[in-house]
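Chemist: The listed protein sequences correspond, in order, to chains A and B. Here this note's numbering is used: the first residue of the first sequence is 5, the next is one more, and so on. Here this note's numbering is used: the first residue of the second sequence is 5, the next is one more, and so on.
Number of protein chains: 2
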Amino acid sequence: MAETYVIGHKNPDTDSICSAITYSHFLKLNGREVKPARVGEINSETKFVLEKFGYEKPELIEDGTRKRFILVDHNEEGQRVSGDYEILEIIDHHKFDFSSSNPIFILNKPIGSTCTIIAEMFFENELDIPKDIAGLLLSGILSDTVIFKSPTTTEKDKEIAERLNKIADLNLVEHGKEMKKKGAEIEGVSMKELILRDSKEYDFNGKKVCIGQLELVDTEEFLTRKEKIFETMKSIKEEKSYDSLVFAVTDVMKEGSTLFCLGEEENVGKAFETDLSSGKAYLEGVMSRKKQIVPALEKVF
Amino acid sequence: MAETYVIGHKNPDTDSICSAITYSHFLKLNGREVKPARVGEINSETKFVLEKFGYEKPELIEDGTRKRFILVDHNEEGQRVSGDYEILEIIDHHKFDFSSSNPIFILNKPIGSTCTIIAEMFFENELDIPKDIAGLLLSGILSDTVIFKSPTTTEKDKEIAERLNKIADLNLVEHGKEMKKKGAEIEGVSMKELILRDSKEYDFNGKKVCIGQLELVDTEEFLTRKEKIFETMKSIKEEKSYDSLVFAVTDVMKEGSTLFCLGEEENVGKAFETDLSSGKAYLEGVMSRKKQIVPALEKVF
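#1: Measuring only between beta-carbons, confirm whether Asn129/A sits less than 8 Å from chain B.
#2: Tell me whether the region 13-28 of chain A and the region 54-62 of chain A touch, counting them as touching only if at least three CB pairs, one residue from each stretch, are closer than 8 Å.
#3: For Ser143/B, name the three-state secondary structure that DSSP assigns.
#4: Could you check the C-alpha separation between Val4/A and Phe52/B for me, to the nearest Å?
#5: Per DSSP, which one or two residues make a beta bridge with Asp310/B?
#6: Would you list, in chain order, the members of the region 8-30 of chain A that have their beta-carbon closer than 7 Å to a beta-carbon of chain B?
#7: Indicate whether at least one CB of chain A lies closer than 8 Å to the CB of Glu45/B.
#8: Run through chain B and tell me which residues come within less than 7 Å of Asp101/A, C-beta to C-beta.
#9: Comparing C-alpha positions only, which one of Leu249/B, Ser245/B and Val177/B sits nearest to Met237/B?
#10: In whole angstroms, what separates the C-alpha of Glu235/B from that of Lys185/B?
#11: Between the region 258-284 of chain A and chain B, which residues of the former have a C-beta closer than 7 Å to a C-beta of the latter?
#12: I'd like to check one pair, Gly180/A with Leu200/A: are the Cβ atoms closer than 8 Å?
#13: What residue from Leu142/B, Phe152/B, Thr149/B and Gly187/B has the CA that sits closest to Lys170/B's CA?
#14: Which residue's Cα is closest to the Cα of Gly289/B: Ser147/B, Asn47/B, Arg84/B and Val253/B?
#15: Going along the region 61-95 of chain B in order, which residues come within less than 7 Å of chain A, judged by CB to CB distance?
#16: Helix, strand or coil for Ile94/B? Go by DSSP, reduced to three states.
#17: So, are the CB atoms of Glu93/B and Ile108/B less than 8 Å apart?
#18: Alpha carbons only, please: which of Leu266/A, Gly139/A, Gly187/A and Lys204/A is nearest the one belonging to Leu176/A?
#19: Kindly give me the distance between the Cβ atoms of Glu302/B and Ser292/A, rounded to whole angstroms, as I take these residues to be in contact under 8 Å.
#20: From the DSSP secondary-structure annotation, give me the bridge partner or partners of Lys216/B.
#21: Our contact map puts Val10/B next to Val38/B with C-beta atoms below 8 Å; I'd like the distance itself, whole angstroms only.
#22: Measure the C-alpha to C-alpha separation of Ala285/B and Met195/B and round it to an integer number of angstroms.
#23: Using beta-carbon positions only, say whether Lys274/B and Asp247/B come within less than 8 Å of one another.
#24: Below 8 Å between beta carbons: does that hold for Gly192/A and Asp161/A?
#25: Listed in chain order, which residues of the region 104-119 of chain A have Cβ atoms closer than 9 Å to some Cβ of chain B?
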């Protein structure tokens, strides 16, 4: 029988990688033979987290043919590893678009991170959580909720983080800021990578739309590179044949995003009731791709 | 704000109706304002169960426009009430085919009945289960697992039934047999109703296929009405423009089904490695539409 991997989405973020490792640990405690995996290179935020808690990068899987997967932190085809494979389970916190020919275990909760859901499963099953696993779970929560500032954050995320921190014993805000700072390191990183490293592709009513997001503690300096941003977006859009490329530069402290848009400017502008004819607009209070940007775009397309 | 209803699938069975009532009770204990509902007329098995435990039929909903629904025991569009409405949650144990534009709570488990999942939620949350609610939950489990004989039955279903019966104090096999006997009452019921009352429509690669099932404690006498069965199937197939109409007459005691098939006989026969050119074949060990008939047909279509 093919090996079973626990795997997160393409362009993996900290929640995806930490979910894959911690849910593998959970399943092993329940007697299941599984391995964590990843679809792409980890980002610098995740690298910092894995080093801090003493974990290696999970195995890289580029094509899922003849394997069996447990999906964490994603469910839609566009976010999944390519190939022809069996999906055994899904643990997620995103909008849903999935079909299977057999009943499988699915747990999707409208909360801030997949790591919150996995931590709940440890607690519900009264399983021991080692200190480093608690650290990974907390890192996933802090990353996806932007240190509890994202509007996707729920009381459950905070409550679970508090319980986990009785084990991990971290300064949560400091750890979160340090993570975000590492993730926001943009020195020596190409503009193309900055736009794409946290990007997801969507099919909105037949239109191929890519939405990238860059979270920075302070966006001012980065935004002076406006021309380089547009130039790079233009070449990405052409290379990948996107109908629209959207790039949100999120200011974690100001709690808002500067949106860059190339293609479908009128529709995207309408989604946020703003004028995007210049290709750029500041959106007060917009911090979450999942909860704010994607639903708004889905409505207008 | 529109009212929120907890609702099961079209052609409701005992698991759907008991899930709607018991999950409404669960949510009310958690401070949520919801009502149980049903999409169609209840069958005689369910009628017996509701009378036994002192419950009214839930409210009938024929069109879901401008309502909000929590789906139990189904998720696919073909099984849902028609209309344009918001889906807030899904608790189910079937194969999946669902998409949403927002993250919602989804819990799908590959086990014998939705009532098992709901009972687990009561236990996990340490909520009090009244005796009559335990009776409904047990009835849903016994009905969907055919008194633990269906191959969809898991250890979890048996374990939860045992815990529930500490409250309900029923003779499970006797209660299950009595339910099935009531459900199998075919005197005075038209052949059309017998074929359709537990039927579901599927889209298999563009083919419109309807699969009806009739569970009987003894099928011998019923099967002598072969000509009437084919004649009625023919008129249903024409009226509803099905590409194929499949009717499984399941013998609960012999643990097998006689399959009648009109349209696509070659494909359907291939699915069960049998010759269906006469439109009829006995399938040893086949008892579950969900776990045996649907996946087999999906593969060949």
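Don't be surprised by glycine CBs; every beta carbon is placed ideally from N, CA and C.
Modeler: With the structure as the only source:
#1: For Asn129/A, no CB of chain B lies under 8 Å from its own CB, so it is not counted at the interface with that chain.
#2: Counting Cβ pairs under 8 Å, three or more are found: they touch.
#3: Reduced to three states, the DSSP call for Ser143/B is helix.
#4: Nothing can be reported for residue 4/A: it is not among the residues displayed for chain A, which extend from 5 to 305.
#5: The question about residue 310/B has no answer, for chain B in this structure spans 5 to 305.
#6: Closer than 7 Å at the C-beta level to chain B, one finds no residue of the region 8-30 of chain A.
#7: Chain A contact via Cβ: absent.
#8: Scanning chain B for C-beta atoms nearer than 7 Å to the C-beta of Asp101/A yields Ser103, reported in chain order.
#9: Here the closest residue by C-alpha is Leu249/B.
#10: Glu235/B and Lys185/B have their C-alpha atoms roughly 26 Å apart.
#11: Cβ contacts with chain B: none found.
#12: Contact: no.
#13: When the alpha-carbon of Lys170/B is set against those of Leu142/B, Phe152/B, Thr149/B and Gly187/B, the nearest one is in Leu142/B.
#14: Checking every option, the nearest Cα to that of Gly289/B belongs to Val253/B.
#15: From the region 61-95 of chain B, no residue has a Cβ closer than 7 Å to chain A.
#16: Note: Ile94/B maps to strand in three-state DSSP.
#17: It is a contact, given that the beta carbons lie within the stated cut-off.
#18: Of the residues Leu266/A, Gly139/A, Gly187/A and Lys204/A, the one whose Cα lies closest to the Cα of Leu176/A is Gly139/A.
#19: Going by Cβ atoms, the distance from Glu302/B to Ser292/A rounds to 37 Å, so no, they are not a contact pair.
#20: The identity of residue 216/B in the sequence shown is Gly, whereas the question assumes Lys. In the DSSP output, where bridge partners are listed per residue, Gly216/B has Ser203/B and Phe251/B.
#21: Sure, about 5 Å apart at Cβ, within 8 Å.
#22: Approximately 19 Å, taken between the alpha carbons.
#23: In terms of Cβ geometry, Lys274/B and Asp247/B do not form a close pair [threshold 8 Å].
#24: No; because the gap between Cβ atoms is not below 8 Å, this pair is not in contact.
#25: Cβ contacts with chain B: Ser104, Ser105, Asn106, Pro107, Ile108, Phe109, Ile110, Leu111, Asn112, Lys113, Pro114 and Ile115.
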